[in-house]
Every structure is written in structure tokens, then in C-alpha cells.
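All remarks here apply to the structure that follows.
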Amino acid sequence: MKKKTNTAGTLKQEGGMPEIKLKRLGEEMVEQVNANESPTFETLLRSKGNILFDEGRGYLRLGDKVEKRTFVNVGQARKFMQTVAIANKCKKFLKEGAHTSIRGLFYQLKFSLGEDLDEELFSEQSESNPLIEDLEVALNIKREDLNLSTDRKGVVAGALVLNDKFGGDETEIDCSKQGRSGWMIPSDVDNGMEFLSVDADYVLVVEKDAMWQRLNEDKFWKKENCILISPKGQSSRGCRRLIRKLANKKLPVICFTDCDAWGWYIYWTIKTGSMNLAYIAQDIAVPEAKFVGVTMQDIKDYDFLGKLTIKAKEVDLKRAQEMKEYEWIKAHKEWVAELNEVLKTKKKIEQDALQGPRLSFVSEYLKEKIGKKKFLP
Amino acid sequence: MVATDKIFSDFQEHSVAEFFKKNKQMLGFAGKTRSLTTIVHEYVTNSLDACEEAGMLPEITVVIAEIEKNNSYRVRVEDNGPGIPKKHLGKALGMMLAGTKFHRYAQQRGQQGIGAAGCTMYAQLTTGKPVRVVSHYDKKRIECTISIDFKTNQPNIETSAEEDTDGSEHGLVVDGEFADVKYDKSAYGVYEYIKRTAMANPHATITFAAPDGENLKFPRSVEEVPPKPKAVQPHPMGLSTHDIIDYAHHDAQSTRISSFLQNSFTRVSSEKVKELQAIANEVDFSKKPSELEWAEAEKIVKAIGKVKWIAPATESIVPIGKRQIEKSLGGILKPQFLEVSERSPKIYKGGIPFVIEVAIAYGGDAGRNSENGGSGKSGDIIRYANRAPLIFDAAGCALTQAVKEIDWKRYGIKRFEEEPVTVFVNIASVHVPYTGAGKQAISDEEEVTAEIKNTVMEVARRMQHYLHEIIKEKDRAGRRKVVERYLKQLSIDLADLAEKGKASELEEKMKKLIENKYPSLMGEGDEEGENGNGGNGKGEKEER
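Just so you know, the sequences run in chain order A and B.
Using this note's numbering, the first residue of the first sequence is number 1, and each one after it goes up by one.
Using this note's numbering, the first residue of the second sequence is number 1001, and each one after it goes up by one.
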């Protein structure tokens, strides 16, 4: 099953587009200087005031408030120089086909500005991080496209085959042949990463790694013909991007988390995106995702669960109260009812509780609920 | 006449020369640096006074040569004044309290008349050598050595040459060797003293060859000799006990104290003498003035303070002048901004007229160079009494106090201690209210202090506008620098990123953009801050 296909977006996958965008950014600035103007670029404002919930698209995205970054300005000069330094460095990474973390980038750029200046280009990573985001937004590309890798987190198993071009090698990855550990989702699932085949009916995202291992052992993904993913808690950029890409293949995305504040947060982040990453929401939000459980209704439907609930903590209740007010949740009466039930009973329940009767019960539970489409939106 | 002579000689015998020999600190000979400054001060002051009195523009050359480092030096002061006639040389340089100045009561720099003779004494005490003198006076050239016989307070003059000249040369050269002295560039040293003297005497050209090889020349910046201060009788309000005793013992004409008071002092009528007599009723006003005793004189001074007096005439005051100060400070400090006051005389102690002159110079070489040799400046207060610099006792001086008490922030000087600012204060008066015999500090007379403050504030207000401009410019320069810091790195990255253009060209173009955005209104080199190399701008400087 080794083959090489050049699908649409070759340019991007070959690493050409980001490099061109970076070069073009530089060219524009040089032209500005030649026209006796301060070099300038525009980026969307990423502060809270410019983050909105796009009802039509179903995710949190940046508004259209634009911020100008310019060099000849006391408040911006240093950051501007730093941003251009990052852009230039990333262009070099792209040329060399080398990747590094944002920490690695910081160290590449942590040098003195000159013998006579008691100042470094960067002295703390907290300085470089927001500038990377500036570039991502200004160029409308992701940091992964700039060969900046992020922490890997999340695991996958199922009928998904990919071709991984990396470090000069090409490796075919079959996620159905990864044994007990599954395939660890890399930070970048776009560049040099090609979907060869996806042969599944849906994507099941389970909050906890332990639950993923349970279901993997049960061969749930094989029996149900799904792709089984665990972000292992809150999802990483790479994990969310992978889910988005699978959703692009018309696979329904079904989420399975605890019935508590953290579990809801993980679900809603996958579905509508987050404030922090609103600027790449179109690439990572999965508004079509559905929530299979655990729900308060489950406690009524499965008798044994009644005994396995935990007293909701203050933070869970506070969160439930807040969530009722979010416009993207308020619109779903099922969720309002669910949260009201939490507030009323002051109970929460973990997905692990479904192993109560027997370990494989959770498979039966999911099979039944997914089969009957018993979802919260 | 006989009686007076007798008393004077008694006075001399038991005190003058011997007294000062034992109390040389009273003449300013205390501390090595200060002693050297005192020597230069006495000679330079005499030269300036002599030239002015003769209506000549002073040209003074001071040469100090090292004999033994930090201990002994040779001091030579030459002027172009009228010189001193042979018969007066001894009094001028070899006799303590000879009183050549004492009889002329006018606003003068030195008011004691022991100055140059004091230096002769100090040379003798420290090196055992007399001072050498060359005097060109009225077609005569005299070369001699002079020393003092401490026992008799009489001069010893040994003439080595005496010749007739065509009179084209005139002036005096005094040349002495002194030990227990030290040359340094501290605020108390000769260097600072000469610089300050030049600032207050723009009509004088002063040249100074320092022992460290430095040559300074302060050319005159105005061409007219200051008007001669009119000799006036002293006003009673300005008299100390010591003054009255001295006047009384010098008065050979008056037979009684009552007539002595009327004859010697202005505004003293027979009516006023009666008033004084009524208050100081234990004093016998019919006594001979030469027999006046200290305790009696003290009582008279007290009585004077209780009587109402008509103010003295103000024409006795000769200020330096606004234009003159502008010229001298402008030339010596080269400040960015300079403001000088011009005020009418005021009165203190109920009757003594005085004029306060204040100049504030900002930027350029104004301010004191920081002590640690860095490029930093601190605010400097330079004090004068009748245009003679007051170098010592700054802390105890009303001039310093008044300037320090100003709320400088109000006038745009955020921290007086850290800004390149020089405040110049001169008090001109026939009776300068010195704190003590050292004549280095002004006492805190309410009216004087208030007038100093008012004058400083008036000048500061005028400076304020400029200072705000300077602050704004500093701000702009600061902004310019902030952006320029990043220029080089950006240019390199930009050329690299665009794969287009040269970094150096981009840098050049962007530098212009920055300069356009944060323009400098002060012209070039305004913000370098590194040019304070210690001895710059103090006149025409050249290495020997």
C-alpha cells in the first residue's frame, strides 16, 4: 500500500506557500522603506474585544479589527524587529526542512543586538510567543506551516492510513496496526502528512487515555468501524487539527467525556474552538461534533450509575452556571436542560463509572447510544 | 598725631604680624588646597582692583609651577596695572593691616588690606623665602624682594635693580614660593577659582598656566572697565565693633567720639549722636576716639541698631551688569540657554543697599562635572560677593541656602543635583554681610535671602520655557534612540527575508525615517552626553 499521491494543496504540503508568504512579507516592507514609509504589516487583533462567536459557522473566531504593526514607533520598534527576525528565521527553517519548537526558536534568536547595546534580540520566550501568533494571523498560516512544532498529545487508532514525509524519509502509517499504544498524533498533521485512506464511519473522541485503552482493548474501533481518538484531556493543536481533517472527510465526530466542568470544556473546545486559538478556528473547530455522554439523563437510564455519581464540586456548578449563559450553548435547549439538571442535583459522573457493571460495558453503552443517536448537540 | 601713632604702634607690637602668624587660618591659610587658592585670590584681587582703579582693562597672568608635588609650588601673578610706587611697595606687600584700602570706603573685592602681605607672611613661614616683586610704575622699574619683620610688622625690602624706563610698560609681578600648599582641580582649587573669577569679570583677560601643563585663557568679553565705585563714608548700619575700633583708632582729626561718629560715617547728624548717647549712656562720647575700647564700641553698635537711619545712597553699588554676565557666561560655559537678572538695589538691616545678580545657565558646559569622572553633570551654585568668588563654606552660606530652597521642579528642573545647570549669584554691596572674617560666606540676612530667592525665581521663570523645550527634545531624542537601537538588526533580517535590497541601504533609509518622525530641534550633537571629558570648554584650552 505504498504509493505517492499528489493531491490538491501540493504547494502547501511541499512547504512552498508559507515560504513565499514570508518572502512576500519582506518584499512589501522593503517596498515601503523605498517609498519612504515605515515598514508596516497588518494583523487581526487577538484580544477579547475582537473575538466573536460566528453563529453561521458555529465557532469562535476573530472579528475584523485590524492592528497595524509598524517599526518607526517607540512602542512597537522592538517587537517589530523581533517579528521580522522570527519571520526570517522561520523562512530558513522552511528552506532547510528543519523543525523546531517555539522554545527552540527562542534560543535561536536569543543573542545580543550588538557589542555596544546591552540588549538581546529576545530575552524571554514569553516575548516571542505572541509574535509568532502575530505572524500566523498576518500571513493566515499556522505555526506548524512555519516548521514550528508544538507539544504532541493525543492518540489514535482505526482505519486511517497516512504517509509521513519526515527528515527525508517517507513512512506509511496505518493507524489500525499500532497495537496497544496507538499512533501518537504529531504536532503537524498537514505539512508532509498525507491522508492515504480513511475507511471509517465516524470519529469517536474520548476524554481519557484510560478509556481509550479500554476501548482499544475491546477492539471497539474495529467492531464499530470508527476512528478512536483520545486527546488525553484538553486537545492539542495537532489533535484538534486531525479531528477537523477527519470531519472534512465527512466523518461524524462524536465526543465522550466526563459529565463535569472539565469534560464539557474539552467538548466545547473541540466543537466551537477557544479564545486563545480563535485565530485559527477555521482550521481546528469542529462545529458538527456531537456529545454522546456522559449525561445526566444516563443516570436515569442506567440504574447502576445512580450509585456511582460524585458530589459536584463548586467549580463544576459555577462552570455549569456560566455555560448556560454562553450564546453558543444557550441556543441549545438540550444543553440548558442538562446543565440545569446538574445545578439541581449537584451531581457529576465520570466516564470511568460506565465500567461499573463490567469492564466492557462501556462499549455496549456507546454502541447503544451512538446507534440510537442519543446525542446532545 | 603722636598719640595715634603711639597707639597704632602699640597695636602692631602686641598683635598684628605676630597675631596673624599664629592665626593664619583667619587669613584663609587652612588646608593645602585652600591655602593655594587664597594666595592666588589675594594677588588676583589686588591686580583687578588696581587696574580698575586706574581705569585700565586688566590682563592678568597666573603661573603656578610645581616645586614638590602636593606640597610646594611657585606662584607668579603678573598684571598690566599701574604698578606700585617704591614708597608703597612695603605697605602693600610687607606690612599687615597697612590699610591702603582701608581709607577708601567703597565697594571693593578685598576689604581688609592684609591680603598680599598675608601671602608674604605665608611664604616666609613655609619656605623662609621673601617674595620677589617687579613693579613698573610711572617710568620706573623696580626689582626687589620683600619680607615682613614679624616683631615690628615692618617690611624688609631688598632692592636688586632700579631703573628708569620709557613708561610704555606698567604693571606688577609678584612671585613667591610657598609650601604646605597643593594644586588640584577640586571645587576649592585654583582652577575653579580662576574660572569663576573670569566669569564675574568679563572685562579682564586672565591666563592661567597650571602645574599639570594645562594652559587656560579667558579672553575678555567686554571692552569697558567697570565704573569706579564711589568712595563713600560707611553707613552706621553696616558697622561691626571691629570696624568702629579700627576707624576710631585711625581717626587723627576728631577729638571726641561724638565728632568722630559724625565725621566718619554717613547719615550721622548731631541729632543722631544724641540719640546714640541716650541709649549708650555708659559710653563717654567726649573721649578721644583713639581711646575707644572694645566694650564701648560694642555698646555703640547696639545703640546704632536701635536708632532709625536714613538709608545710604545707592550709587555706591556697582553690579557686574546683565550684558556683561551674558557675555562672560556665554563665552565660558557655552550654555544652551542663559538668563540673567537685572534688578534695582534693595535694602537690608534697615539701611544697607545691595544688589543681587543672578544668572542661570543650562546645558553646554554648565553644571559641575560629576565627581567620579563620569559624563554626568550636577547642578552647580557659584557664589560671588562684589564679583570675588566665594569658594569655601558653601554649606553655611545664605546664597547657597537660598538657591537650594527653590522648588526647582516648578521650573522644569526635575533634579537640581543631576542637571547641567549653573546658578550664578553675585551680591554687590559696600557692606557685604559676611558670616565671618574668612569672608567666604554670606550670613542669613532676611532681606538678602528673600531678594536672592526672588531673583533666582524670576530668572528661573524665564528659563522655564526653554527647559520645557529641552525636556521635550530629550524625550524625542530618547524615542529616536529607542527606535534606532533596533535598526541594524531589522535591516539585516529584512534584506534577508525579502531577498532584496541591501541591509546597509535599508538601514540608511530607515534612519532618515526615524529622524523625520522624531526630529531634533537642537541641532547636531545635542544628545551625545559623552563629550563631558572633564576639562572642556573652559576658555581656550591648549596643551603646553
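In this text, a Cβ means the ideal position worked out from N, Cα and C, and glycines have one as well.
Worksheet entry | Same chain, Cβ closer than 6 Å to residue 1111 (chain B), five either side skipped, listed in chain order | The pLDDT assigned to residue 1111 (chain B) is 49, lower than 50, so where the model puts this residue is not dependable, and the model offers no usable value.
Worksheet item: Between which two residues does the beta strand (DSSP E) harbouring residue 1283 (chain B) extend?
Response: Unbroken run through residue 1283 (chain B): none, as it is neither H nor E.
Item to complete: Please check the pair residue 1032 (chain B) and residue 1181 (chain B), which I expect to be a contact at CB under 8 Å, by giving their CB distance rounded to whole angstroms.
Response: Contact holds; Cβ gap of about 5 Å.
Worksheet item: What is the rounded straight-line gap between the Cα of residue 1217 (chain B) and the Cα of residue 1151 (chain B)?
Response: Each residue's Cα considered, the two are about 41 Å apart.
Item to complete: Hey, could you find the ends of the alpha helix (DSSP H) residue 1051 (chain B) is sitting in?
Response: Unbroken alpha helix (DSSP H) run through residue 1051 (chain B): 1032 to 1053.
Discussion item. So with CB distances below 7 Å, who are the chain A contacts of residue 1514 (chain B)?
Written reply: Going along chain A in sequence order, the residues near residue 1514 (chain B) (Cβ under 7 Å) are 72.
Worksheet item: chain B beta carbons: is any one of them nearer than 7 Å to that of residue 38 (chain A)?
Response: Yes, contact with chain B.
Worksheet item: Mind checking residue 1440 (chain B): buried by the 16 CB within 10 Å criterion, or exposed?
Response: Answer is buried; the Cβ neighbour count reaches 16.
Item to complete: Taking residue 305 (chain A) as the reference, give the member of A:362, A:62, A:125 and A:330 with the closest Cα.
Response: Of the listed residues, the one whose Cα sits closest to residue 305 (chain A) is A:362.
Fill in: Under the three-state DSSP convention, the category residue 1163 (chain B) falls into
Strand at residue 1163 (chain B).
Worksheet item: For residue 1206 (chain B), which of B:1215, B:1214, B:1219 and B:1196 has the nearest alpha-carbon?
Response: When only C-alpha atoms are compared, the closest one is B:1219.
Worksheet item: Contact between the region 188 to 196 of chain A and the region 139 to 150 of chain A: three or more CB pairs below 8 Å?
Response: The count of Cβ pairs closer than 8 Å, one atom from the region 188 to 196 of chain A and one from the region 139 to 150 of chain A, reaches three, so the stretches are in contact.
Worksheet item: Of the choices B:1359, B:1072, B:1084 and B:1028, whose alpha-carbon is the least far from that of residue 1047 (chain B)?
Response: Comparing C-alpha distances from residue 1047 (chain B) to each of B:1359, B:1072, B:1084 and B:1028 shows the shortest one belongs to B:1084.
Fill in: DSSP three-state assignment for residue 1111 (chain B), whether helix, strand or coil
For residue 1111 (chain B), the pLDDT reaches just 49, beneath the cut-off of 50, and the residue's location in the model is therefore unreliable, leaving the point undetermined.
Worksheet item: What do you get for residue 1178 (chain B), buried or exposed, if any count of 16 or more other CB atoms within 10 angstroms of its CB means buried?
Response: Its Cβ being crowded by 16 or more others within 10 Å, residue 1178 (chain B) is buried.
Worksheet item: How would you list, in chain order, the residues of chain B whose beta-carbon sits under 9 Å from the beta-carbon of residue 88 (chain A)?
Response: Residues of chain B with a Cβ closer than 9 Å to the Cβ of residue 88 (chain A) are, in chain order, 1492, 1493, 1494, 1496 and 1497.
Discussion item. Here's the rule: buried if 16 or more other CB atoms are within 10 angstroms of the residue's CB, otherwise exposed. What is residue 212 (chain A)?
Written reply: Counting the other Cβ atoms within 10 Å of the Cβ of residue 212 (chain A) gives 16 or more, which makes it buried.
Worksheet item: Beta-carbon separation of residue 1067 (chain B) and residue 1075 (chain B) under 7 Å?
Response: The answer is no: Cβ separation not under 7 Å.
Fill in: Cβ of residue 30 (chain A) within 7 Å of any chain B Cβ
It does: the Cβ of residue 30 (chain A) has a partner Cβ on chain B nearer than 7 Å.
Worksheet item: Nearest chain B C-beta to residue 27 (chain A) closer than 7 Å, yes or no?
Response: Yes, residue 27 (chain A) counts as interfacial toward chain B.
Worksheet item: Terminal residues of the continuous alpha helix (DSSP H) containing residue 1331 (chain B)?
Response: It spans 1322 to 1333 - the alpha helix (DSSP H) in which residue 1331 (chain B) sits, taken as one unbroken run.
Item to complete: For residue 1104 (chain B), count neighbouring Cβ atoms within 10 angstroms of its own Cβ and tell me buried if that reaches 16, exposed if not.
Response: Annotation note: pLDDT 46 at residue 1104 (chain B) (below 50); position unreliable, no value reported.
Worksheet item: Ends of the alpha helix (DSSP H) at residue 1185 (chain B)?
Response: Counting along the chain, residue 1185 (chain B) falls outside any alpha helix (DSSP H), and DSSP gives it neither H nor E.
Practice prompt. Return the first residue and the last residue of the beta strand (DSSP E) that residue 1149 (chain B) is part of.
Written response: For residue 1149 (chain B), the enclosing beta strand (DSSP E) begins and ends at 1140 to 1149.
Item to complete: For residue 179 (chain A), count neighbouring Cβ atoms within 10 angstroms of its own Cβ and tell me buried if that reaches 16, exposed if not.
Response: The residue in question, residue 179 (chain A), is exposed, as its Cβ has fewer than 16 Cβ neighbours within 10 Å.
Item to complete: Using a Cβ-Cβ cut-off of 7 Å, state whether residue 376 (chain A) counts as contacting chain B.
Response: So no, residue 376 (chain A) is outside the interface.
Discussion item. Beta-carbon within less than 6 Å of residue 119 (chain A)'s beta-carbon, same chain only, minus the 5 sequence neighbours each way: which residues are those?
Written reply: Around residue 119 (chain A), the same chain offers 113 as residues with beta carbons nearer than 6 Å, after the five sequence neighbours per side are excluded.
Worksheet item: Name the chain C residues that come within less than 7 Å of residue 85 (chain A), Cβ to Cβ?
Response: The chain inventory of the structure shown lacks chain C, comprising the protein chains A and B.
Worksheet item: Nearest CA to the CA of residue 1507 (chain B): which residue from A:296, A:28 and A:34?
Response: Residue A:34 is the option with its Cα nearest to residue 1507 (chain B).
Item to complete: Give every residue of the same chain whose Cβ lies closer than 7 Å to the Cβ of residue 1006 (chain B), excluding the five residues on either side of it in the sequence, and list them in chain order.
Response: Since pLDDT at residue 1006 (chain B) reaches only 47, below the 50 mark, its modelled position is unreliable, and no value is offered.
Discussion item. Output needed for residue 53 (chain A): all residues of its chain with C-beta closer than 6 Å, excluding positions within five of it in sequence on either side, in chain order.
Written reply: Cβ neighbours of residue 53 (chain A) within its own chain (closer than 6 Å, five residues either side excluded): 60, 327 and 328.
Practice prompt. Could you name the residues of the same chain whose beta carbon sits closer than 7 Å to that of residue 142 (chain A), not counting the 5 residues immediately before and after it, in chain order?
Written response: Contacts found: 136, 280 and 283.
Worksheet item: In whole angstroms, what separates the C-alpha of residue 1214 (chain B) from that of residue 1191 (chain B)?
Response: In a straight line, the C-alpha of residue 1214 (chain B) is about 10 Å away from that of residue 1191 (chain B).
Worksheet item: Can the beta-carbon of residue 351 (chain A) be found less than 7 Å from the beta-carbon of residue 294 (chain A)?
Response: The beta carbons of residue 351 (chain A) and residue 294 (chain A) sit closer together than 7 Å.
Worksheet item: Got a sec: is the Cβ-Cβ distance from residue 69 (chain A) to anything in chain B below 7 Å?
Response: For residue 69 (chain A), the nearest beta carbon of chain B is not closer than 7 Å to its own beta carbon.
Worksheet item: Can at least three beta-carbon pairs, one atom from the region 35 to 44 of chain A and one from the region 70 to 89 of chain A, be found at a separation below 8 Å?
Response: Contact annotation: the region 35 to 44 of chain A touches the region 70 to 89 of chain A, with at least three C-beta pairs closer than 8 Å.
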